[in-house]
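Here's the structure we're looking at; comments come further down.
Protein chains: 2
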Amino acid sequence: MSKKLTSRTQDYSKWYNELVVKADLAENSAVRGCMVIKPYGFAIWEKMQAELDRMFKETGHQNAYFPLFIPKSLFEAEEKNAEGFAKECAVVTHYRLQNDPDKPGKLRVDPEAKLEEELVVRPTSEAIIWNTYKNWIQSYRDLPILINQWANVVRWEMRTRLFLRTAEFLWQEGHTAHETKGEALAEAELMNNVYAIFVENFMAIPVIKGLKTESERFAGADETYCIEALMQDGKALQAGTSHYLGQNFARAFDVKYVNKEGKQDYVWATSWGVSTRLMGALIMTHSDDNGLVLPPNLAPNQVVIIPIYKNEEQLEEISNVANGIMKELKSKSISVKYDSRDTFRPGAKFAQHELQGVPLRIVIGPKDLENNTVELARRDTLTKSIVALENLAETIESLLNQIQKEMFQKALDFRDAHITNVETFDEFKEILDTKGGFISAHWDGTSETEDRIKEQTKATIRCIPLDNIEESGLCVYSKKPSKRRVLFAKAY
Amino acid sequence: MSKKLTSRTQDYSKWYNELVVKADLAENSAVRGCMVIKPYGFAIWEKMQAELDRMFKETGHQNAYFPLFIPKSLFEAEEKNAEGFAKECAVVTHYRLQNDPDKPGKLRVDPEAKLEEELVVRPTSEAIIWNTYKNWIQSYRDLPILINQWANVVRWEMRTRLFLRTAEFLWQEGHTAHETKGEALAEAELMNNVYAIFVENFMAIPVIKGLKTESERFAGADETYCIEALMQDGKALQAGTSHYLGQNFARAFDVKYVNKEGKQDYVWATSWGVSTRLMGALIMTHSDDNGLVLPPNLAPNQVVIIPIYKNEEQLEEISNVANGIMKELKSKSISVKYDSRDTFRPGAKFAQHELQGVPLRIVIGPKDLENNTVELARRDTLTKSIVALENLAETIESLLNQIQKEMFQKALDFRDAHITNVETFDEFKEILDTKGGFISAHWDGTSETEDRIKEQTKATIRCIPLDNIEESGLCVYSKKPSKRRVLFAKAY
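Residue numbers (the numbering used here), protein chains in the order written: chain S, 2 to 493; chain A, 2 to 493.
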């Protein structure tokens, strides 16, 4: 059905782009920078959504929906946030098209239907949401507000790549309001932890939890928590962020509450989000030169059954066996597809399911009928074995659990092997050019040093890890004293 | 917590607006015509989504996601569709803001960041989707394509009302591609039936299935199936539509396939959608002067338990009983909330849960502790009874089923009592002005007659019911011969 993928060593970036398209995950659209998420890719995203949504609700959050548009006057109210996003805003200026008098059959913007105030298509929703919260909050009894929204957002990026950086993307954005600084900080850290648990346990991707430096923070935040993952090419990917917004938005939108002592104060805020970018992280962490490798938790089909037969009679016998297996698997909530299409040969089916990352493949042929066996192939290790039909569902259930764990362990081993402590800037540059990955180095805490390192190496500080131990040292660049190491890397 | 609602007889429209806001379903936002869907309203919408999504998947559909924006040149490709929506399009013309040189701290559209081609914010997605399908379809093997999308859409309506007509709304839109006309027609009818089953069984709202007349059809459709419901004020509400699009979009976007005989033909299409408008139908079908009345299937909390106590000791005893009830209800997947807030008096809690339409209220007081009973109150009938604690979960389970059925029956009786056969235009006008509801009348089949009736009465043909029997008669307006009755009504 498709030629082989470019290999990762040959051209990692090309491998990624080809894989996304050939595995039917997504494709570019007629709109610059906007993608079409195809049914197979969307089914994976739906599984992520369902699990995250469950976790959000379990931690006391409710969903709601706020407008797509932000009037310019609200958008500019929180200055840093506005400044951070102004350069990549899609702006609605008119509300009507009309027939173009010069071009029959064509339309043009109706010059008389110009909006009095331009509307920004939300790049993030703090402004419209805090303008709304203003009316919802009077006293401490109205707090906390713990709301999440699943939505599309638009950031007019100049260089786009499917899932990793697109002009429109899908995400969730949590927006919470609290009585105290402590509560807001705790919420921001809690949600960063929720993300870490989700990405590690569900997506089988190890992450490092940390804080962003000031220059890498979300525009309008006082502190940004993040989870950072490592891709197979040695580049880091920010998988999720959770922002402590202090009272910045409360001040910008004048959101005050009366506390238990009857005093007025501005409300404390957080916001946090993950996006379809996680699809990129998923692909680049686990996949190989044969295509996608999906952890069982995220696979739309966890098992595929393929019959090999020479005549109708054999097919019927095999189908009977397959139906029995499917029934048992479904009773264990394992998703399974029987691929008995007669328009494709087995080899083509193998290739397709391999490309699409189905974790387990069962092949049933005439020999298997005789021996009461099936052939079981693992997508992640590309290993095959002959397995008894008896207790097959139990075998598969435990194998799927094992795959989920082993995929995480493999990614963790790779990640841990790619964290390198360096002491000098020469070492820094050498490691970055040869091995890549995270570089753990002392930093003097200044933006100047951060900027220079970035200019000279393209590496940025991915995070100040939360679990770092205090350790005296000298900045890898300026040689000034430093109290802890931070993680540098080139990043997506 | 809130003053009484305006009554329905006093001012139906005001009653609706107040109810939506006071029951915490939605509110107007700072963006003209766009609403904020609040957590309680969104929880109801999520229940609708989950059930519809399940039904779509059961009928073989998959979800996907297409861009928010439609380049103008694609938007105008299908002429009728473009003409139908051009007047209400939000149009993105620029992709950047900059500091306004004349107004410090303010932003303005960057005149140098004008898009070469304007982008229409999707009012519906046929254009962008058929432009995509073009690349997905070569032969009959690629068909059918059965895709649904959950999305936000924007139609710049001049007069808006929460849920019923908003500039931005949430919906799902199915877009399918088929080999034959027969298949496409069958799909359009199937999905209209799915909508009917959902709205009747899940929302407890009776509907009439029918076809739209040519002038009421979706712009670009050859036939529009619909389901029509009747609101308590005697006005009709279109609850869902399913369009047979013929080959119109295939021709506009040049989407051809090679059939089994090796011949090329244009692909046949359908599209179908329901939206957050259904929330309006839900509210206006069942609610009363005390507030929202929710069918158990859609209630975020199906049961609320309220303790009445004089001291901490009593509260503790009541809480023990309540916890036991909750455990049993949850094991039956019945959602329940224990409202033990000490910041509100019981009366205020009763009013709030009544306003928010919780189907069943359990009150536990000191007397109940003595007698092993609880007080059970139905929201739909406003009736109360003392019920034994023994087997309470079973009692509640069957009562919830009963409420669901009785709410449907009540709405059906009302609807059926408001379908009036008329033979003369005087009768037509009189019924419309006095009783309202659906008027079943003969019609000569011409748009002229339809238009004149609309001009003179504001009533439109809601549908040509699918189950109508052929019956000779004379058009209620023109007195020309007619073969069947159609349903007229004033409509939302």
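Note that CB positions come from ideal geometry on N, CA and C, so glycine has one too. Because the structure is a prediction, the values reported are computed rather than measured.
| Query | Result |
| --- | --- |
| At a CB-CB cut-off below 8 Å, which residues of chain A make contact with S:I284? | Near S:I284 there are no residues of chain A at all, since even the closest Cβ is about 17 Å away, more than 8 Å. |
| When you compare the stretch 173–192 of chain A with the stretch 258–277 of chain A, are there three or more beta-carbon pairs, one atom per stretch, that lie closer than 8 Å? | yes |
| Quick one: which chain S residues come within Cβ less than 9 Å of A:N132? | S30 and A31 |
| Using 9 Å as the limit for Cβ to Cβ distance, is A:L488 near chain S? | no |
| For a test of the three-state rule: what should DSSP assign to A:R463, helix, strand or coil? | strand |
| Using the Cα positions of A:L475 and A:L377, report the straight-line distance between them to the nearest angstrom. | 54 Å |
| Determine whether the beta carbon atoms of S:S441 and S:L390 lie at a separation below 9 Å. | no |
| What does a CB cutoff of less than 7 Å around S:F199 pick up in its chain, not counting 5 residues either side in sequence? | E52, L53 and M56 |
| Just confirm the distance between the C-beta atoms of A:V322 and A:I365, as a whole number of angstroms; I'd bet it's less than 8 Å. | 6 Å |
| Quick one: is S:M2 near chain A, going by C-beta distance under 9 Å? | The pLDDT assigned to S:M2 is 44, lower than 50, so where the model puts this residue is not dependable; a value taken from the coordinates is nonetheless given after this. No, because no Cβ of chain A sits closer than 9 Å to the Cβ of S:M2. |
| Apart from the five residues just before and just after A:I38, which ones in its own chain have a Cβ nearer than 6 Å to its Cβ? | A27 |
| Does DSSP put A:F170 in a helix, in a strand, or in coil? | strand |
| Taking the DSSP output, what are the residues bridged to S:C227? | S:G211 and S:T242 |
| Could you tell me which whole beta strand (DSSP E) segments of length 3 or greater appear in the stretch 51–93 of chain A? | 70–72 |
| On the DSSP letters alone, give me the boundaries of the beta strand (DSSP E) that S:P36 sits inside. | The sequence given here places Met at residue 36 of chain S; Pro does not occur at that position. Here the beta strand (DSSP E) through S:M36 covers M36 to I38. |
| I'd like to confirm the pairing. Which residues does DSSP put opposite A:H287 in its beta bridges? | According to DSSP, which records beta bridges pairwise, A:H287 is partnered with nothing at all. |
| Between the alpha carbons of S:M159 and S:S276, how many angstroms are there, rounded? | 19 Å |
| Are the C-beta atoms of S:Q99 and some chain A residue less than 9 Å apart? | yes |
| Inspect the beta-carbon positions of S:R316 and S:S288 and report whether they are closer than 9 Å. | In the sequence as presented, Arg is not what sits at residue 316 of chain S; that position holds Leu. Not a contact, by the Cβ cut-off of 9 Å. |
| Cutting at 7 Å between CB atoms, please list the residues of its own chain near A:M2, excluding the five before and the five after it. | Note that A:M2 scores 44 on pLDDT, short of 50, meaning its location in the model is unreliable; the coordinates nonetheless yield the value given after this. Within the same chain, A:M2 has close Cβ partners A349, A352 and Q353. |
| Taking Cβ positions only, does A:V21 come closer than 9 Å to chain S? | no |
| Buried or exposed for A:S483, please, with buried defined as at least 16 other CB atoms from any protein chain shown within 10 angstroms of its CB. | buried |
| What are the boundary residues of the beta strand (DSSP E) that A:I122 is part of? | The identity of residue 122 of chain A in the sequence shown is Val, whereas the question assumes Ile. Here the beta strand (DSSP E) through A:V122 covers K115 to V122. |
| Among S:D111, S:T458, S:R142 and S:E424, which one has its Cα closest to the Cα of S:E262? | S:R142 |
| Could you name the residues of chain S that A:W157 contacts, counting a contact when the two beta carbons are closer than 9 Å? | Y96, R97 and A114 |
| Would you kindly report the start and end of the unbroken beta strand (DSSP E) that includes S:V22? | From DSSP, S:V22 is part of no beta strand (DSSP E) but of the alpha helix (DSSP H) over Y13 to K23. |
| Decide if the stretch 246–264 of chain A is in contact with the stretch 129–148 of chain A; the criterion is three or more beta carbon pairs, one per stretch, under 8 Å apart. | yes |
| With DSSP run on the structure shown, which of helix, strand or coil describes A:Y134? | helix |
| Can you check DSSP and say which residues form a bridge with S:P308? | S:I365 |
| Could you give the distance in angstroms between the alpha-carbon of A:G438 and the alpha-carbon of A:N291? | 23 Å |
| Per DSSP, what are the beta-bridge partners of A:P482 in this structure? | A:L475 |
| Check A:W46 in the structure and name its three-state DSSP category. | helix |
| Out of A:E355, A:K411, A:E329 and A:F76, state which residue places its alpha-carbon closest to the alpha-carbon of A:E398. | A:E329 |
| Using DSSP with H/G/I as helix, E/B as strand and the rest coil, what is S:N260? | coil |
| Under a three-way DSSP split, which group does S:A300 fall into? | coil |
| Is it buried or exposed for S:G358, if we count other Cβ within 10 angstroms and need 16 for buried? | buried |
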